[in-house]
Amino acid sequence: MGFLHLPGLGKAHFHEYGTGQKPLLAFHGYGMTGKQFHVLDQSILPQYHIYGFDHFFHGESRLDGWTEQQIVAGMPKTMVSGYMEEWFKLYGRQRFSVMGYSIGANLALILVEEYADMIDDIILMAPDGLAVFKGFHFILHNTLGRAIFRTATKSKWLAPFLVKSMKTVGAIDESLYRIAYNEIDTEQKRLDTYYTLNLIRQLKPDVQKVAQLINQHKIKCLLIFGRHDKLFPKSAAMPFLGMLHNAEVHEIELGHWLVTKALDEYLVK
């Protein structure tokens, strides 16, 4: 494990694991850390040496002197390349692969935009970034939605009420409800949620450009979706998938909570 010191951003902490030789930069989902992919010990870990990064407001990654105003404005997309440039300083300029689950897929896809000629493989699991999720768009880009999100962060009752309402109307399932509720049951957790989602609000990949680059450079592309995922289902990603020439796409009998032993066993088979 170690840190990348990203200019103008802060210290990005990463975990190293895997018995393979190919370097793979991995970005986890909300509420987890860069260790999340440890569970894929039969399928992914034997092929790659993983550098799993903690998102800011997760694990040991820390922003350097950012004000709340800066955080809420969002991290500029141009800063994502800092991960690679600082990683190259430590390990040398070399070919690599990327992996992303859920919100972590945004960073993986943006790295494809910038470094497609150096990328061997891209692995995406229940990926954000391939289509607009209306719930996130409302609370991060709509004036009313942003005000509600900010108010809910300060309230002991409003955030739980909103999450329960989403479950009631079918916007999220029971497993997502439990995950979400677990992340808002204290004021600090609510604040971390608010800061995390606002910090990455500008990190939206250009999916047409990404698809073009994947095809042009013949990047091996594996995409995995949960058949019961209500956040980032395969159906929402179909326009992107239709632009790819030779992607390997799987839809398995899971929900959004995808990085599990069940996925590992499926990939081995």
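The letter at position 211 of the sequence shown is residue 210 when you use numbering that gives the first Met the number 0, and the numbering goes up by one with no holes. Where is the CB? At the ideal position from N, CA and C, for every residue including glycine.
Taking residue i as part of the beta strand (DSSP E), name the residues at either end of that continuous run.
| i | result |
| --- | --- |
| Lys21 | Lys21 to Phe26 |
| Val248 | Glu247 to Ile251 |
| Ile49 | Tyr47 to Phe52 |
| Lys13 | For clarity, residue 13 is Phe in the given sequence; the question names Lys instead. Its beta strand (DSSP E) spans residues Gly9 to Tyr16. |
| Lys219 | Lys219 to Gly225 |
| Phe2 | Gly1 to Leu5 |
Between the options, which has its C-alpha nearest residue i's C-alpha?
| i | options | result |
| --- | --- | --- |
| Asn141 | Thr32, Arg200, Thr66 and Tyr265 | Arg200 |
| Gln187 | Asp228, Ser60, Ser154 and Gly64 | Ser154 |
| Phe13 | Leu230, Leu5 and Asp184 | Leu5 |
| Pro75 | Pro204, Ala236 and Leu262 | Pro204 |
| Glu113 | Leu240, Asp228, Arg177 and Val206 | Val206 |
| Gln242 | Ile49, Leu221 and Gln211 | The amino acid at residue 242 is misidentified as Gln; the sequence shows Met. For the residues Ile49, Leu221 and Gln211, the minimum Cα distance to Met242 belongs to Gln211. |
| Gly64 | Phe95, Leu44 and Gly9 | Gly9 |
| Asn245 | Lys217, Phe231, Lys229 and Leu230 | Lys217 |
| Thr77 | Lys219, Ile109 and Ala151 | Ile109 |
| Asp184 | Leu161, Asn197, Leu196 and Leu202 | Leu161 |
| Gly81 | Asp120, Lys21, Gly7 and Gly91 | Gly7 |
| Leu62 | Leu198, Leu222 and Glu264 | Leu198 |
| Tyr47 | Gly30, Tyr90, His54 and Phe95 | Phe95 |
| Cys229 | Asn214, Lys133 and Tyr193 | First, the residue type needs correcting, since residue 229 is Lys and not Cys in the sequence shown. With distances taken between Cα atoms, Lys229 lies closest to Lys133. |
| Leu196 | Leu139, Met0, Gly17 and Thr66 | Leu139 |
| Trp86 | Phe148, Phe56, Gly51 and Thr66 | Gly51 |
| Asn214 | Met0, Leu240, Tyr193 and Gln41 | Leu240 |
| Tyr16 | Gln41, Pro45, Leu3 and Ile49 | Ile49 |
| Val71 | Gly1, Phe2 and Phe148 | Phe148 |
Is it buried or exposed, residue i, if we count other Cβ atoms within 10 angstroms and call 16 or more buried?
| i | result |
| --- | --- |
| Arg189 | buried |
| Gln69 | exposed |
| Gly58 | buried |
| His255 | buried |
| Gly103 | buried |
| Ser164 | exposed |
| Gln93 | exposed |
| Thr259 | exposed |
| Gly91 | exposed |
Less than 8 Å between the CB atoms is what I'm expecting for residue i and residue j, so what's the real figure, rounded?
| i | j | result |
| --- | --- | --- |
| His27 | Gly33 | 6 Å |
| Ser60 | Ala25 | Not a contact, Cβ separation roughly 14 Å. |
| Ile118 | Val111 | 6 Å |
| Met98 | Ile223 | Contact flag wrong, Cβ pair sits at about 11 Å. |
| Ser42 | Asp263 | 5 Å |
Kindly indicate the opening and closing residues of the alpha helix (DSSP H) around residue i.
| i | result |
| --- | --- |
| Lys203 | Here Lys203 belongs to no alpha helix (DSSP H), and DSSP marks it neither H nor E. |
| Val267 | Lys260 to Val267 |
| Ile70 | Glu67 to Ala72 |
| Met237 | Lys233 to Met242 |
Would you say the beta carbon of residue i comes nearer than 7 Å to a heavy atom of the ligand HEM?
| i | result |
| --- | --- |
| Phe36 | In the structure on display, the ligand HEM does not appear, and there are no ligands present to speak of. |
Please list the segments of the alpha helix (DSSP H) lying wholly inside the stretch 75-147, counting only runs of 4 or more residues, in order along the chain.
-> Counting whole runs of 4 or more residues, the stretch 75-147 contains the alpha helix (DSSP H) stretches 80-90, 104-114 and 133-140.
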